[in-house]
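Under the working numbering, the first residue of the sequence shown is numbered 26, with each subsequent residue one higher. Backbone N, C-alpha and C fix where the C-beta goes; we use that ideal spot for every residue, glycine too.
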Amino acid sequence: MPGLLYEADIRQTHQSNASSTTTASNLQTNPGNAKPYHGSSSAAVYAMTVPGPRQLVVFENQLLEFCRDYNSPHAAHVAAVAKQYLHNQPACWRLLYTKYNVSYIRSNRSYPSYADVFDGVSLAQDNATTAPSCHLHFKTRHRASMDIPNALLATTSPDANLRKQAEDALNQAVNENAGQLMVTLSQALAAEDFPTPGRQQAGLFLKNILDAKDYALQELKIQQWYSLADDVRNAIKQYALSSLKAQDAIAAHTAAQVVAKIGSIDVPQKQWPDLLRILVENVTSGTDSVKHASLETLGYLCEGLDEDSLEASESNQILTAIVDGIRKENPDKIRLSAVVALRNSLEFVNENFSRDAERTHIMTVVCEATQCTDVQVRVRAFECIATIASLYYEYLGEYMSVLCDLTFKAVQADQAEVGLQSLEFWSSICDVELEFIEEGRYGDPAVAAANLKRYVETVLPALVPMLLNTLTQQEEDQFEDDTWNLSMAGATTLTLAAQVVEDAIVAPVMQFVTTNIQSANWHQKEAAIMAFGSILDGPHQQTIQPIVENAMPVLITCMNDPNALVRDTTAWTIGRICEIHGVVMARCLGPLMQLIVAGLDQESKVAAHMCYAIHYIFQSFSELDEGTTPLDPYFGHVFDKCLMTCQLSSEENIRVSAFEALGMMIQHGSSNATPHILSRLTSILEHLEGNIEKHKANPAYGQEFYGLYTCACDVLVVVIQRVDHDIRPFADRIMQCLLNIFSTGHTTAGEEAFLATGALAGAIESDFKKYMTQFYPVLIAGLSNVQEHAVCASAVGVVGDICRALGADVNVYIPEIVNQLLVILRFPNLNRTVKPPVIAVFGDIGLAIEGEFEPYFQHVVEMLLQAAQACVAVQVDDEDAVEYLNQLRESILEAFTGILQGLSSHNKGPLMVPALQGIGQFLALLSAETNRSDSVTTTAAGLIGDIASILGVQAKLLLKEQFIQSLLLDTSRIDDDQAQSVASWAKQVGFVLLSCCKEWTAAAHVVVGGSGGGRNGGCYSNSIAVLLPLLDAPVL
26 MPGLLYEADI RQTHQSNASS TTTASNLQTN PGNAKPYHGS SSAAVYAMTV PGPRQLVVFE
86 NQLLEFCRDY NSPHAAHVAA VAKQYLHNQP ACWRLLYTKY NVSYIRSNRS YPSYADVFDG
146 VSLAQDNATT APSCHLHFKT RHRASMDIPN ALLATTSPDA NLRKQAEDAL NQAVNENAGQ
206 LMVTLSQALA AEDFPTPGRQ QAGLFLKNIL DAKDYALQEL KIQQWYSLAD DVRNAIKQYA
266 LSSLKAQDAI AAHTAAQVVA KIGSIDVPQK QWPDLLRILV ENVTSGTDSV KHASLETLGY
326 LCEGLDEDSL EASESNQILT AIVDGIRKEN PDKIRLSAVV ALRNSLEFVN ENFSRDAERT
386 HIMTVVCEAT QCTDVQVRVR AFECIATIAS LYYEYLGEYM SVLCDLTFKA VQADQAEVGL
446 QSLEFWSSIC DVELEFIEEG RYGDPAVAAA NLKRYVETVL PALVPMLLNT LTQQEEDQFE
506 DDTWNLSMAG ATTLTLAAQV VEDAIVAPVM QFVTTNIQSA NWHQKEAAIM AFGSILDGPH
566 QQTIQPIVEN AMPVLITCMN DPNALVRDTT AWTIGRICEI HGVVMARCLG PLMQLIVAGL
626 DQESKVAAHM CYAIHYIFQS FSELDEGTTP LDPYFGHVFD KCLMTCQLSS EENIRVSAFE
686 ALGMMIQHGS SNATPHILSR LTSILEHLEG NIEKHKANPA YGQEFYGLYT CACDVLVVVI
746 QRVDHDIRPF ADRIMQCLLN IFSTGHTTAG EEAFLATGAL AGAIESDFKK YMTQFYPVLI
806 AGLSNVQEHA VCASAVGVVG DICRALGADV NVYIPEIVNQ LLVILRFPNL NRTVKPPVIA
866 VFGDIGLAIE GEFEPYFQHV VEMLLQAAQA CVAVQVDDED AVEYLNQLRE SILEAFTGIL
926 QGLSSHNKGP LMVPALQGIG QFLALLSAET NRSDSVTTTA AGLIGDIASI LGVQAKLLLK
986 EQFIQSLLLD TSRIDDDQAQ SVASWAKQVG FVLLSCCKEW TAAAHVVVGG SGGGRNGGCY
1046 SNSIAVLLPL LDAPVL
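As structure tokens, this is what we get:
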């Protein structure tokens, strides 16, 4: 993931991610006479508290929220990134904030703020307010604007008004003449007599003109870059390249980012052929400061390039320079920048690793770097080794003896941050071996067996004692401060090792647990409990479950330990038991429930783990034949205690955990629990209403309420879904609360409120009509909010819910809704996850308003056919892309199905006849698609059946096509009752039609039901019963 794996130590404030639309014809160059200087710089180091191993899911959720907010294409890979950076979250957030040009975050986000990430340090290096003469003479045409040099300096001013004026001047300059401004910025970066803050800001602004977080916007900026005249681009590149030799270390560091950004655009397009040669020469023969800046450039460049961007000769050039920089003869600062660059280049050097001599040379210099006297070089070197383990596992055999020795010694004797990276090496080995084990189970066993080297199993006798020893190295204040440390890293690696070696982990770990779990030394006791909790997932159930049953009484007593960390780890372990071995709890439910209720009154971390236990014990019991009935005696007491925790806790993390546990109890509680849930709904609503009133009285303190609104909406959704029509007496109060939440304008709360509104509409059906006057403007506002794609998608979902609830009564609102849906699909930067629900909802609209859909038919069907053509014309191999395309295909089929069924009820089905050719082309391409999902196949069969039953002989030519029979045959082979029923029905309808070839009667249009695979769930047997007499055909 090139976009997420490079740490940028830039401190970025008050920046603008400007874009422009310029052409070569209106650009001027102003090269000036700026002279570059030489200097050196060391990377700034920042620190921030990071969560422990039990909070991995929190870090993943933060990354996912960030990716969604900034439309990152890496949203699908957050689990891998979270695991890699869990030990060093500040680095992850710094690179993300730098990559996506973030200088603030939106309200009520779970991920850290800009100030947290960069420690509140300003970019300003001095208080200069005027620029000395440096041959920079560009002014914007607006008479109130300042010139560019002073604007650059003013962007670092503590005066917000001055900063705003400066940013406006720079943005205006971009819009008026981007090329001239970029030349001026590159001159400022290179100017020896320009103050450091101005040079830095010039470079950062120049980089941001070329950089964007959004893929589509980045492509646009690349086009704008190439629209500049060649001499303009060459001047910018030369000034930036010369700035690598600046004496000012900050300027040289900033220049490295600028050159790398331009290189990430030009190198793949072969537009800067001498860049790599120049950088290699700088590294091999330049001064130390030039070597450092050039290696930084290579590191940033590799971070910004896609994996297939470089040819073998180019990656060889980069690797040559980097390996030369790592040599032990170089100063530590150069070695550090070289090791960092190597880390980022490893994805490009697979050919080099395939050759023995080159691979051994690389491994030798990296292993030598692990012995450097500079601790940061050692840290980065072990980070390289961990990455090599992930990328080139198959080549590690001949080096494993040395790597074991290096990593074990680092964990046991080196500084903690070096030991952490050494443990990361073993975690990476475990990850790779787990992938091969999964491949053996669910993929190709022969390939998995050939690739799996079983390094973890081989070193297990030495690895387990080393890991167990790390567990005893807790920090004294670890309960209050979750800073990542050796004990946490060791627990994570032990957890992975247990999954790899399974039963083999049990004996050595349980010997340690048995010896230490009753120890008077809290370090030993907590380590024993942590070790036990870490091996719960991996060994076979018949091996570990008896041990778990015997351990429960001991763990229950440990919850009374005077040490908070011991209680915390015990609560976490009990939660994991409930998650992984929940059915074991059946024999000790009474003591466990008492323990959970008491634990909710302990420290917030302990209480959160108790909520975790509630969550998973109800989930585990719901999977049993008898369901959650054994939990009935405890339901009311636990539910009320959990609800009290939701309402009284002032800490958001415990409140969120309690709400989630409450939701799981509502969702999975037995039928006997429904009266209790309904009896507490009044209390839930009173608490929500009270907080809404407090918020209205103190609107400036909205952040204190948004999290509560989100959680409350989640609970309302599961309550409504559970009690269904019985929610009617509470509907007015619920809807008023939701309207108040919508009025706050908060994104996440609004998204959840839309989901609750849709659930309410589905439950009370036509009674929802009375709320439409107030809700309709909210709905349109949600549909218009395409920038917040999650809110927009939730609003689209509510459109479908309302259509199903109101039926034909929704028609009065449909014109504006349809128009807005089409506007959404035309939005150029629409998040792709919104498209499938938008397309599918046209089917809901068609079913609801039936024949009244005719005014929208032409525009909507044209759009559907265009979408159909687009989503079968693309061939992809990526799993995420395949899944998305299948969602899109299914939504198109559902839309056609709903529209056709709706029109047929008013005898307007023949409106679809002109579209049959396009539908046929779509179905033909789907029949040949190898990545077609079962749900797409089933939905296609349902549409085929509807076409046959509704359009009759008008569809005869389409139904005779071989691809129709192929799709129906594929559907009949799906191991699913509904799919086989749909296939059988569609075949019978088509067979009867093609056998008789008689004129279709109007009566058939009226009486024929839906497909069973369509969105209204018709009955195929009734359809056949009516059709056969009409066609006067025997059943064959």
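- Taking all protein chains in view, the Cβ of Lys719 is surrounded by fewer than 16 other Cβ atoms within 10 Å, so the residue is classified as exposed.
- No residue range can be given for Phe793, since it is assigned to no alpha helix (DSSP H) and is classified by DSSP as neither H nor E.
- The DSSP-derived three-state label of Asp333 is coil.
- The residue from Tyr418, Thr395, Val404 with its alpha-carbon nearest to that of Phe378 is Tyr418.
- For Leu673, the enclosing alpha helix (DSSP H) stretches over residues 657 to 673.
- Here DSSP, grouped into helix, strand and coil, assigns Asp1000 to coil.
- For Leu617, the CB contacts under 7 angstroms within the same chain, skipping 5 residues up- and downstream, are Met610 in chain order.
- Here the C-alpha atom of Ala203 lies approximately 34 angstroms from the C-alpha atom of Ala346.
- In this structure, the beta-carbon distance from Val573 to Val526 does not fall below 8 angstroms.
- Going by DSSP, Phe557 is part of the alpha helix (DSSP H) stretching over 547 to 559.
- Setting aside the 5 residues that flank it on each side, Tyr420 is surrounded in the same chain by Phe378, Arg384, each with a C-beta closer than 7 angstroms to its C-beta; the list follows chain order.
- For Leu872 and Phe643, the gap between their C-alpha atoms comes out near 38 angstroms.
- The C-beta distance from Gly970 to Ala1011 rounds to 3 angstroms, short enough to meet the 8 angstroms contact threshold.
- The beta-carbon distance between Ala818 and Val859, rounded to whole angstroms, is 5 angstroms. This is short enough to meet the 8 angstroms contact definition.
- A direct Cα-Cα distance of roughly 48 angstroms separates Gln891 from Ile702.
- With a 10 Å radius around the Cβ and a threshold of 16 neighbouring Cβ atoms, Gly422 comes out exposed.
- In this structure, Val308 keeps its C-beta atom at 8 angstroms or more from the C-beta atom of Arg352.
- About 7 angstroms separates the beta carbon of Tyr264 from that of Leu214, a gap short enough to meet the 8 angstroms contact definition.
- In its chain, beyond the 5 residues on either side, Glu376 have a beta carbon closer than 7 angstroms to the beta carbon of Ala337.
- Look at the beta carbons and you see the segment 950 to 963 touching the segment 992 to 1001: at least three pairs across the two are nearer than 8 angstroms.
- Comparing alpha-carbon positions, the option among Leu561, Cys636, Ile639 lying closest to Ala529 turns out to be Leu561.
- If you draw a straight line from the Cα of Glu729 to the Cα of Leu706, it is about 22 angstroms long.
- Where Gln845 is concerned, the enclosing alpha helix (DSSP H) starts and stops at 839 to 851.
- The Cβ atoms of Ala786 and Phe793 sit closer than 8 angstroms to each other.
- The residue from Val743, His750, Cys671 with its alpha-carbon nearest to that of His712 is Cys671.
- Using a Cβ-Cβ distance cut-off of 8 angstroms, the segment 685 to 705 and the segment 740 to 756 are in contact, since at least three pairs of beta carbons, one from each stretch, lie closer than that value.
- Only exposed fits His884, as fewer than 16 other CB atoms lie within 10 angstroms of its CB.
- By the Cβ-count criterion, Asn575 is exposed, with fewer than 16 other Cβ atoms from all chains shown falling within 10 Å of its own Cβ.
- By the neighbour-count criterion, in which 16 or more other beta carbons inside 10 Å mark a residue as buried, Lys721 falls on the exposed side.
- Gln499 places its beta carbon less than 8 angstroms from that of Ser512.
- Shown here, Ser974 sits in a helix according to DSSP, grouped into three states.
- Counting only runs that start and end inside the segment 200 to 241, the alpha helix (DSSP H) elements of at least 4 residues fall at 221 to 235.
- With contacts defined as CB atoms closer than 8 angstroms, Glu776 and Ala815 qualify as a contacting pair.
- With a contact defined as Cβ atoms closer than 8 angstroms, Lys286 and Leu330 miss out at about 11 angstroms.
- A straight-line Cα-Cα distance of about 36 angstroms links Gly661 and Trp547.
- In the three-state reduction of the DSSP assignment, Ser289 falls in the helix class.
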